[in-house]
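One structure is given below, encoded as structure tokens.
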Amino acid sequence: MPGVLDSILETVGHTPIVRLHHVTDGAAPDILAKVEFFNPGGSVKDRIGLGMIEAAERDGRLKPGGTIVECTSGNTGVGLAIAAALKGYHAIFTMPDKMSDEKIRVLRAYGAQVIVTPTAVEPEDPRSYYSVARRIAAETPGAVLVDQYSNPANPMAHYLSTGPEIWDQTGGRITHFICTIGTGGTITGTGRYLKERNAAIQVVGVDPVGSILHDYFYTGVMPPAHSYAVEGIGEDFIPSVYDFDVIDDIVQVTDGESFRMARRLVREEGMFVGGSCGSAVAGALAYVRDRALGAGAVVVVLLPDSGARYLSKLFNDDWLRENGFHMGERIRGYVTDVLARRGPSPVVTVRPDAAVGEAVALMRRHGISQLPVVDAAGDIVGVLGERDVLAAMFDPVREGRAADETVAALVTNRIAVVEPGTTLSVLGRIFADTDLAVVRSGDALLGVLTKIDLIAFLTDSAGRDGEPGVGRDGA
Ligand SMILES: Cc1ncc(COP(=O)(O)O)c(C=O)c1O
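Note that the sequence shown covers residues 491 to 965 in my numbering.
Rendered as structure tokens:
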């Protein structure tokens with residue numbers, strides 16, 4: 491019978507691409523959404539579930555009646571659970587406690603065992619969801635740790651399905667592919683396929699503020715990670731699935747921007763999508779604006795999952811209020827507005843091999859308290875701040891010789907990189923954890939911003955309606 495599929499697994503993939511009309515706020519390019527909630531398990535991760543299980547079967551690690559173990563923010567669990575249910579495997583999943591209740595219930599509905607672990611611990615901590623999954627896999631006879639973070643079958647599933655679908659559906663006219671990054675499977679596999687078809691296609695990642703990926707991508711410095719509320723994206727380590735070579739740019743978004751955009755996608759486009767879909771679209775629009783992309787561009791944004799998994803969170807006004815999210819956009823504007831209002835000022839940097847004494851002289855001459863540390867290749871390698879110098883001066887081990895040290899000995903990672911098109915919401919969130927933001931465009935350093943620059947800008951612009959700065963509540 492030509493209209494009958496053999497199992498639900500055959501409905502994975504072949505998701506539609508739908509044009510966005512209203513949330514784009516007049517952006518010139520065609521902005522097209524690849525809507526992944528049409529998969530049977532409700533997310534893009536259905537694509538990798540079957541692929542990773544079949545890879546484990548092929549290499550002999552997974553035998554009939556065996557157990558699959560995975561650490562998951564929920565969606566990969568569903569993708570694996572569907573394939574496990576049909577193939578008769580047991581499934582055990584570990585999940586960080588920030589994930590929504592709905593995701594845990596869904597996995598249990600598929601018959602999986604779910605173990606909830608603390609979110610706010612380092613990946614190496616024995617309580618982390620990575621460590622607990624590893625331990626369970628080692629202790630359970632016949633168990634296989636799927637490990638989407640290092641499993642080549644994860645990006646391969648996107649290379650074989652997501653990439654070709656997007657190429658065919660756009661008739662090869664796609665110019666930009668934009669998606670969020672979690673394990674990196676989607677961006678790596680899809681990006682690699684698309685670039686093989688047309689090397690000019692730009693592949694852009696979207697990263698939540700608090701994740702390390704954006705800054706690591708641009709500087710190679712591993713910044714401190716901070717928590718954020720959007721689920722499934724961003725990392726506090728670099729998974730081996732990543733291929734940074736296929737990524738051209740990464741833009742940052744805040745939780746607030748993500749949730750606001752996800753809610754707009756439901757109300758204005760009729761797409762009931764999850765929080766990371768809001769991140770993807772908010773990031774895509776920031777990129778389009780920053781690069782001034784025109785009408786010829788065809789931008790495909792991947793929307794990973796459904797809003798059904800977040801009814802108790804971003805679609806629950808009480809949860810938003812309790813967690814301090816304001817769905818009106820009160821702060822408007824971009825980094826470029828702050829730079830323009832402040833006026834030009836020289837970017838003073840120091841080399842890692844300079845003496846601390848030289849750095850202190852620079853700080854005094856320019857009346858600044860922190861210096862970006864930039865190596866001979868022009869890469870930002872960190873920051874030297876007055877607090878680091880002072881701590882070294884009082885460090886008994888250094889016996890009063892701090893000024894003779896090299897800057898490299900005292901450099902820290904308390905520095906963030908932003909672009910001219912970075913929103914002030916992102917900049918404000920960055921300053922909650924970091925003291926210094928370097929404004930970069932390509933290889934050029936355009937300026938250095940500290941908290942007082944943002945404070946001065948917002949104070950000056952308060953009440954001036956219609957201009958960037960502090961707008962009316964709910965504006
Ligand atoms: C909701 C959601 N969005 C986005 C992603 C990111 O996809 P990837 O892991 O392929 O980078 C994930 C991955 O866990 C996710 O659960």
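Where is the CB? At the ideal position from N, CA and C, for every residue including glycine. Quick caveat: nothing in here was measured; it's all calculated off a predicted structure.
Between the CA atoms of residue j and residue i - distance to the nearest angstrom
i: L829; j: L874; result: 22 angstroms
i: Y800; j: G531; result: 15 angstroms
i: V763; j: I671; result: 17 angstroms
i: M751; j: F921; result: 22 angstroms
i: A844; j: I668; result: 40 angstroms
i: A965; j: V513; result: Residue placement at A965 is poorly supported in this model, since its pLDDT is 33, which falls under 50; the coordinates still yield a value, given next. C-alpha separation (whole angstroms): 16 angstroms.
i: Y619; j: I740; result: 26 angstroms
i: R537; j: P616; result: 30 angstroms
i: S915; j: N813; result: 16 angstroms
i: G722; j: V743; result: 14 angstroms
i: E957; j: E909; result: 20 angstroms
i: A573; j: L499; result: 7 angstroms
i: T913; j: G556; result: 48 angstroms
i: D933; j: T709; result: 11 angstroms
i: I507; j: R551; result: 37 angstroms
i: S461; j: R822; result: Nothing about residue 461 can be read from this structure; the chain reaches only from 491 to 965.
i: R891; j: G724; result: 41 angstroms
i: Q603; j: K577; result: 17 angstroms
i: R548; j: V502; result: 20 angstroms
i: T505; j: A927; result: 39 angstroms
i: A898; j: E629; result: 44 angstroms
i: S497; j: H580; result: 19 angstroms
i: I521; j: I582; result: 38 angstroms
i: V887; j: R625; result: 40 angstroms
i: I605; j: P631; result: 18 angstroms
Start and end residues, alpha helix (DSSP H) containing residue i
i: M589; result: M589 -> no alpha helix (DSSP H), and no H or E assigned at all.
i: L810; result: D807 to E812
i: P645; result: A643 to A647
i: I920; result: L914 to I920
i: V850; result: V846 to H856
Within-8 angstroms CB hit, residue i to chain D
i: L810; result: You won't find chain D in this structure, because it holds only one protein chain.
C-beta contact flag for residue i and residue j at 8 angstroms
i: P645; j: V771; result: no
i: V634; j: D795; result: no
i: A798; j: E592; result: yes
i: A643; j: A545; result: yes
i: G695; j: S717; result: no
i: V471; j: L944; result: The question about residue 471 has no answer here: the residues shown for the chain are numbered 491 through 965.
i: V838; j: V863; result: no
i: I905; j: I870; result: yes
i: P519; j: G768; result: no
i: E560; j: A610; result: no
i: D587; j: T607; result: yes
i: T940; j: D925; result: yes
i: N641; j: M761; result: no
i: Y526; j: L793; result: According to the sequence shown, residue 526 is Glu rather than Tyr. Cβ atoms of E526 and L793: closer than 8 angstroms.
i: F707; j: F815; result: no
i: G539; j: A575; result: no
i: T826; j: G911; result: yes
i: G937; j: S835; result: yes
Check: residue i C-beta below 7 angstroms from any heavy atom of ligand 1
i: A697; result: A small fix is needed here, since residue 697 is Asp in this sequence, not Ala. False, no ligand heavy atom lies under 7 angstroms from that Cβ.
i: T607; result: no
i: A556; result: As written in the sequence, residue 556 is Gly, which differs from the Ala given in the question. No.
i: G823; result: no
i: D591; result: no
i: N529; result: no
i: E721; result: yes
i: D795; result: yes
i: T652; result: no
i: K535; result: yes
i: N641; result: no
i: G674; result: yes
i: I626; result: no
i: T584; result: no
Integer-rounded CB distance, given that residue j should sit under 8 angstroms from residue i
i: D705; j: V907; result: 5 angstroms
i: R773; j: V736; result: A small fix is needed here, since residue 773 is Gly in this sequence, not Arg. Actually they are not in contact, since the Cβ atoms of G773 and V736 sit about 17 angstroms apart, beyond 8 angstroms.
i: T660; j: V788; result: 6 angstroms
i: R841; j: A866; result: 7 angstroms
i: P613; j: D726; result: 6 angstroms
i: I656; j: V790; result: 5 angstroms
Limits of the beta strand (DSSP E) - the one that residue i falls within
i: K524; result: D520 to V525
i: D659; result: Note that residue 659 is Gln in the sequence shown here, rather than Asp. That residue, Q659, is in no beta strand (DSSP E); its alpha helix (DSSP H) goes G653 to Q659.
i: G937; result: A934 to T940
i: S835; result: No beta strand (DSSP E) holds S835; DSSP gives it neither H nor E.
i: F667; result: H666 to T670
i: S618; result: Unbroken run through S618: none, as it is neither H nor E.
i: G875; result: I870 to G875
i: S717; result: Element bounds for S717: n/a, residue is neither H nor E.
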